[in-house]
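Peer 1: For the sequence shown, counting from 1, position 11 maps to 223 in this note's numbering; every step adds exactly one.
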Amino acid sequence: MAIDLSLAIDWTACDGRGWCVELLPELLTQDRWGYPISHEDAARATAARHGAPGGARPTREIPVPPRLAAHADRAVESCPRLALRLRRIS
Ligand code: SF4
Numbered sequence: 213m214a215i216d217l218s219l220a221i222d223w224t225a226c227d228g229r230g231w232c233v234e235l236l237p238e239l240l241t242q243d244r245w246g247y248p249i250s251h252e253d254a255a256r257a258t259a260a261r262h263g264a265p266g267g268a269r270p271t272r273e274i275p276v277p278p279r280l281a282a283h284a285d286r287a288v289e290s291c292p293r294l295a296l297r298l299r300r301i302s
């Protein structure tokens, strides 16, 4: 299945309350401060805290599968801080 959209997160604008995580739980979860991150980044951060090699720097651009494009668009439209953006990547 082709992925042609990514969800960009501006953490400097985000309030960390997690509204987008409730709207898009298939892609997003919250870090320990409440900011939205991908599930893959959350797993990497947990592994890093337990001594796994590699950094835990989160990914600002999260690929959006086509089946979730409408949900991602709704999350972007609903963000009260305009901290989310959908970008075409192909
Ligand atoms: S909805 Fe917007 S402000 Fe709220 S947590 Fe998500 S990105 Fe941040």
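Quick reminder that beta carbons are idealized off the backbone N, C-alpha and C, glycines included.
These numbers were taken from a predicted model, which means no experiment stands behind them.
So, using beta-carbon positions, are R272 and D216 closer together than 7 Å?
Peer 2: Position 60 of the sequence shown holds residue 272. Position 4 of the sequence shown holds residue 216. Contact flag unset, no.
Peer 1: Please say whether T241 and A254 have beta carbons closer to each other than 7 Å?
Peer 2: What you label residue 254 is simply residue 42 of the sequence shown in a count that begins at 1. What you label residue 241 is simply residue 29 of the sequence shown in a count that begins at 1. Against a cut-off of 7 Å, the Cβ pair of T241 and A254 comes out as a contact.
Peer 1: Measuring CA to CA, which of R293, S302, L298 is closest to T224?
Peer 2: Within the sequence shown, the letter at position 12 stands for residue 224. Nearest of R293, S302, L298 to T224, Cα basis: R293.
Peer 1: Can you give me the C-alpha to C-alpha distance between L235 and G263, rounded to a whole angstrom?
Peer 2: Counting from 1 along the sequence shown, the entry for residue 235 is found at position 23. Counting from 1 along the sequence shown, the entry for residue 263 is found at position 51. The alpha-carbon atoms of L235 and G263 are separated by roughly 32 Å.
Peer 1: Near R297, what residues of its chain come up, given a Cβ to Cβ distance below 6 Å and the 5 sequence neighbours on each side ignored?
Peer 2: Looking up residue 297 in the sequence shown gives position 85. Closer than 6 Å at Cβ, skipping near neighbours: A220.
Peer 1: Under the three-state reduction of DSSP, which class applies to L294: helix, strand or coil?
Peer 2: Taking the first residue of the sequence shown as 1, we reach residue 294 at position 82. DSSP places L294 in coil when its eight states are reduced to three.
Peer 1: Exposed or buried, which one is S250 when buried takes at least 16 other CB atoms within 10 Å?
Peer 2: Walking along the sequence shown from the start, residue 250 turns up at place 38. That one is buried.
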